[in-house]
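For the sequence shown, the positions run 289 to 407 when our numbering is used.
Only one structure is covered here, and it is reproduced in the block below.
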Amino acid sequence: MSLKPVATDPRESKSSDLIQGTLEMLILKTLVLEPMHGYGVGLRIEQISGGVFRVNAGSLLPALSRMERAGNVKSEWRATEKNRRAKYYLLTAKGRRSLSAETEQWQRQIDAIARILEA
Numbered sequence: 289m290s291l292k293p294v295a296t297d298p299r300e301s302k303s304s305d306l307i308q309g310t311l312e313m314l315i316l317k318t319l320v321l322e323p324m325h326g327y328g329v330g331l332r333i334e335q336i337s338g339g340v341f342r343v344n345a346g347s348l349l350p351a352l353s354r355m356e357r358a359g360n361v362k363s364e365w366r367a368t369e370k371n372r373r374a375k376y377y378l379l380t381a382k383g384r385r386s387l388s389a390e391t392e393q394w395q396r397q398i399d400a401i402a403r404i405l406e407a
């Protein structure tokens with residue numbers, strides 16, 4: 289997976305991958321807002337994260353394909369705002385349930401990490 293934090297400190301020469309599954313959760317959350325094409329999903333994640341995360345197409349498109357096979361998203365061809373044809377992804381009911389479950393699990397993990405760091 290190549291959802292990588294963008295280095296903000298010049299001493300950070302190597303960025304690390306996020307926990308497996310994080311990209312799919314962020315994609316699901318992005319699609320809650322509205323159906324989007326792949327490029328738009330990547331831009332939205334970068335925008336919402338304040339530029340901290342950038343998603344390359346080599347990671348995003350396979351993730352969207354996996355999510356479509358799993359039934360979490362569906363796709364349809366539409367015209368973009370620039371009148372070009374693009375595959376738009378829409379969140380399914382199963383995807384909404386998956387997002388809810390993954391968000392709860394992620395929150396438990398964040399809480400556990402915070403407890404460890406505070407100890």
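All residues carry an ideal CB built from backbone N, CA and C; glycine is no exception.
Since we're looking at a predicted model, the values are computed, not measured.
- With the rule of 3 Cβ pairs closer than 8 Å, the segment 338-358 counts as touching the segment 307-324.
- Residue range 345-358 is occupied by the alpha helix (DSSP H) that includes Ser353.
- Between Asn360 and Leu321 a beta carbon distance of about 16 Å is seen, past the 8 Å cut, so the two are scored as non-contacting.
- By alpha-carbon distance to Tyr327, the top candidate from Asn371, Tyr376, Trp394 is Tyr376.
- Counting C-beta atoms within 10 angstroms of its own C-beta, Gly383 has 16 or more neighbours from the protein chains shown and is therefore classed as buried.
- For the set His325, Thr318, Leu319, the Cα lying nearest the Cα of Trp365 is the one of His325.
- Cβ neighbours of Gly338 within its own chain (closer than 6 Å, five residues either side excluded): none.
- Here Leu316 is not bridged, per DSSP, to any residue.
- With 16 or more other CB atoms across the displayed protein chains lying within 10 angstroms of its CB, Arg332 is buried.
- Taking each of Glu334, Met355, Arg403, Arg342 in turn and checking the Cα distance to Leu378, the smallest one comes out for Met355.
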